[in-house]
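The structure appears below as structure tokens.
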Amino acid sequence: MKVVIIDDEPLARSIVREYLQKHPQIEIMQECNDGFEGLKAIQQHQPDLIFLDIQMPKINGFEMLELIEQPPAVIFATAFDEFAIKAFEAHAIDYLLKPFNQERFDKAINKFTEQKTVTAEKATRELLETASQSPSQNNRIVVKNGSKIKIIPVHEVQYLEAADDYVKVHTGEGYFLKNKTMNHFEQTLDGQQFVRSHRSYIVNVQQITRIDPYEKDNHVAILRSGIKVPVSRTGYVRLREVLGL
Amino acid sequence: MPNTPYSIRRFAIIFSICWTVLIGDHILVMHWFGLPWDAAIIDGMVSNVLLFLASLLVMNTLRYYLPRGEQYVNIFFLCLLLAVLWLLITKWILKIWIGPIHTGYTDMLYHSMPIRFGIGFLLLGCMTMISILWYNQQEQKENENRKADAEKLSKEAELFKLRQQLQPHFLFNSLNSINALIGSRPEEARKMVQQLSDFLRGTLKKEETQWVTLQEELQYLQLYLDIEKVRFGNRLATHIQCHEATQPLKLPALLLQPIVENAIKFGLYDTTGETLIHISTLIEDQHLVIKVVNPFDPETSSPKQGTGFGLKSVQRRLYLLFARTDLLSTEAKGNNFTTIVKIPQTV
Chain A
207 MKVVIIDDEP LARSIVREYL QKHPQIEIMQ ECNDGFEGLK AIQQHQPDLI
257 FLDIQMPKIN GFEMLELIEQ PPAVIFATAF DEFAIKAFEA HAIDYLLKPF
307 NQERFDKAIN KFTEQKTVTA EKATRELLET ASQSPSQNNR IVVKNGSKIK
357 IIPVHEVQYL EAADDYVKVH TGEGYFLKNK TMNHFEQTLD GQQFVRSHRS
407 YIVNVQQITR IDPYEKDNHV AILRSGIKVP VSRTGYVRLR EVLGL
Chain B
-13 MPNTPYSIRR FAIIFSICWT VLIGDHILVM HWFGLPWDAA IIDGMVSNVL
37 LFLASLLVMN TLRYYLPRGE QYVNIFFLCL LLAVLWLLIT KWILKIWIGP
87 IHTGYTDMLY HSMPIRFGIG FLLLGCMTMI SILWYNQQEQ KENENRKADA
137 EKLSKEAELF KLRQQLQPHF LFNSLNSINA LIGSRPEEAR KMVQQLSDFL
187 RGTLKKEETQ WVTLQEELQY LQLYLDIEKV RFGNRLATHI QCHEATQPLK
237 LPALLLQPIV ENAIKFGLYD TTGETLIHIS TLIEDQHLVI KVVNPFDPET
287 SSPKQGTGFG LKSVQRRLYL LFARTDLLST EAKGNNFTTI VKIPQTV
């Protein structure tokens, strides 16, 4: 069985390594300092299980998981307080609150071995859905552009456009694809800044310079960059509400 | 209600002087109108002592029952009623006492009734007004005191809360590091337990309102930095440049640590390489100026959003302490993010 340890504190990794000595069936493929390294290691080794800290440099544990097509089973090892972690409890294999002892650690490993038959992937997907609704996550969007990882601060987002199973995140540098739904973004982004102007569009109101009538009942929002974003009848009502018109 | 024994005593003295003058005046006037001295004295004493008792009654009533709005009418009628009562009792006593001794006194007493009533009513009215003003003022003072107390309490509670919110994450991560060290390097674990204890003791011991010298605060900061260095290993480096003249300057206790903590988090979590935190101090326009510089990646985080909870609480604290919002500022230049805090030095 293969595991990868991802934590930015060397001592925190060493304690996991130490506790794992009791489980000779488990092989540590790599220890990673941050999410980027972690991502590479996961793609390279295809581990069955990862130990993951949440607060890490550049991209946090959740954001890293989002970028993986088929995420492995996750055991969180974090100093986040119980209240903050409660939301993820149902979906992660287990979570270890730092500092934890060998006994608690063994319990988590056992839980994983027992649950292995259940698809870990589904659990992790659900976990991410829950995690992305925490407010700390809402000020940026992490996307993968080829092999590169791009962190987009939300204020740089001009608008979002539905594209089959993906969402196109349009910025000044072009668009990036994100494997999420429009509903997801509508719920997680700040409603005072991002408005669902159309079934297939969410627009950043700070980018709007003008809203013009268009055809019969419809409108069109003209952004600072000159791009026109469709506005439906209900979308127009929502926009007026947010803009206080 | 009178708040200090001193003010009660002063009030009592003024009050007795006034009444003595009043009694003397009464006696002189009565004598002027032809009453012999003994009768004038009895008359003056009896009517004014009774009036004095009536005033005390009014004052005591007002002490527990301050009129509001339309209730002033009640007070007016109370004064009127008391004045009439006082007049009747005074008349009755004086008639029995002086009437048999001096012929013609009863007549004079009868004729002076309107004047006596006027004076009595006016005096009672004055006493009432003074009392109302006095008690109102006392009540207002008390309200103000209560308000100030409440404000102070909520301020303390808020400061306490702000302080608490900073700790747990750091504490648990440090304990986790110690846990790891115990197995591999017990000597270092022991050292870190010591440092952590000293650090926590410092947090508990110091009051948020207490002022310490920069030198003390930097020593305390060093404890914190040592712990963080154990946690993050080679990734964290610090450089402190403390101008000698600034060392004895004072600042509110525990102010610097959250700023540095914020810089470390910002630096460590925004870059993947080594993080150098640079701290420098100087004096500028009677302000102690402390600059904390950390690296950041301008492409991925806008500094506005990256400041986090740490600085907000510092900003709030500075506002509570100095009622100023311009003491904390940040600037981003290239890959460096600078936090500048100014502490006014009262000369």
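These protein sequences, in sequence, are chains A and B. Going by this note's numbering, the first residue of the first sequence is number 207, and it counts up by one from there. Going by this note's numbering, the first residue of the second sequence is number -13, and it counts up by one from there. By construction, the Cβ of each residue, glycine as well, lies at the ideal position given by its N, Cα and C atoms.
Under the three-state reduction of DSSP output, Leu207(B) falls in the helix class.
The residue from Ile245(B), Lys81(B), Met113(B), Leu37(B) with its alpha-carbon nearest to that of Leu211(B) is Ile245(B). The Cβ atoms of Glu260(B) and Asn322(B) do not sit closer than 8 Å to each other. Among the CB atoms of chain B, none fall inside 8 Å of the CB of Lys354(A).
Under the DSSP assignment, Asn351(A) falls in the beta strand (DSSP E) whose first and last residues are 346 to 351. Out of Gly267(A), Leu273(A), Glu272(A), Glu275(A), the CA that lies nearest to the CA of Phe286(A) is found in Gly267(A). Contact between the region 61 to 70 of chain B and the region 1 to 15 of chain B is not established, with fewer than three Cβ pairs separated by less than 8 Å. Contact residues of the region 166 to 182 of chain B toward chain A are Ala166, Leu167, Gly169, Ser170 (C-beta to C-beta distance below 7 Å). A direct Cα-to-Cα measurement between Asn248(B) and Arg430(A) gives close to 35 Å.
Taking the Cβ atoms as the reference, Gln364(A) lies roughly 5 Å from Gln413(A), within the contact range of under 8 Å. For Gln398(A), the number of other beta carbons within 10 angstroms of its own is below 16, and it is reported as exposed.
Looking at the DSSP output, His251(A) shares a beta bridge with no other residue. The C-beta of Lys228(A) comes no closer than 8 Å to any C-beta of chain B.
For Ile265(A), the CB contacts under 6 Å within the same chain, skipping 5 residues up- and downstream, are Gly241, Val348 in chain order. Thr76(B) counts as buried, since at least 16 other C-beta atoms from the protein chains shown sit within 10 angstroms of its C-beta. Shown here for Thr377(A): same chain residues with a beta carbon closer than 7 Å to its own, the five before and five after excluded, namely Ile358, Glu362, Val363, Gln364 in chain order.
Annotation: Leu273(A) is outside any beta strand (DSSP E) and is labelled neither H nor E by DSSP. With a contact defined as Cβ atoms closer than 8 Å, Asn165(B) and Glu215(A) miss out at about 12 Å. At the C-beta level, Lys317(A) and Pro253(A) stay beyond 8 Å of one another.
Residue-level contact by beta carbon fails for Phe(-3)(B) and chain A, as no gap is shorter than 8 Å. Out of Lys251(B), Thr258(B), Leu209(B), Gln201(B), the CA that lies nearest to the CA of Gln233(B) is found in Gln201(B). Spatial neighbours of Ile265(B) in its own chain (CB-CB distance under 6 Å, excluding positions within 5 residues in sequence) are listed in chain order as Ile226, Val278. Beyond the five residues adjoining it in sequence on each side, Asp213(A) comes within less than 6 Å, by CB distance, of Arg219, Asp259 in the same chain, given in chain order. As the crow flies, the alpha-carbon of Ile263(B) is around 10 Å from that of Thr324(B). Neighbours of His229(B) across chain A, judged by C-beta separation under 7 Å, do not exist; the nearest C-beta is about 32 Å away.
Under the DSSP definition of a beta bridge, Ala427(A) partners with Ile417(A), Val435(A). Met45(B) is positioned such that its CB atom lies closer than 8 Å to that of Met113(B). With fewer than 16 other CB atoms across the displayed protein chains lying within 10 angstroms of its CB, Val35(B) is exposed. Taken in chain order, the whole alpha helix (DSSP H) runs of length 4 or more contained in the region 87 to 127 of chain B are 91 to 97. Taking the beta carbon of Gly219(B) as reference, the chain A residues within 8 Å of it are Glu215, Pro216, Leu217, listed in sequence order. Annotated three-state conformation of Gln331(B) is coil, per DSSP. Remark: C-beta atoms of Ile428(A) and Lys422(A) do not approach each other more closely than 8 Å. Residue-level contact check: Asn248(B) does not touch chain A, since none of the beta carbons of chain A fall below 8 Å from its beta carbon. Not one beta carbon of chain B lies nearer than 8 Å to the beta carbon of Ser438(A). Taking 8 Å as the cut-off, the Cβ atoms of Leu254(B) and Phe218(B) count as close. Around Ile13(B), the same chain offers Ala26, Ile27, Gly30 as residues with beta carbons nearer than 7 Å, after the five sequence neighbours per side are excluded.
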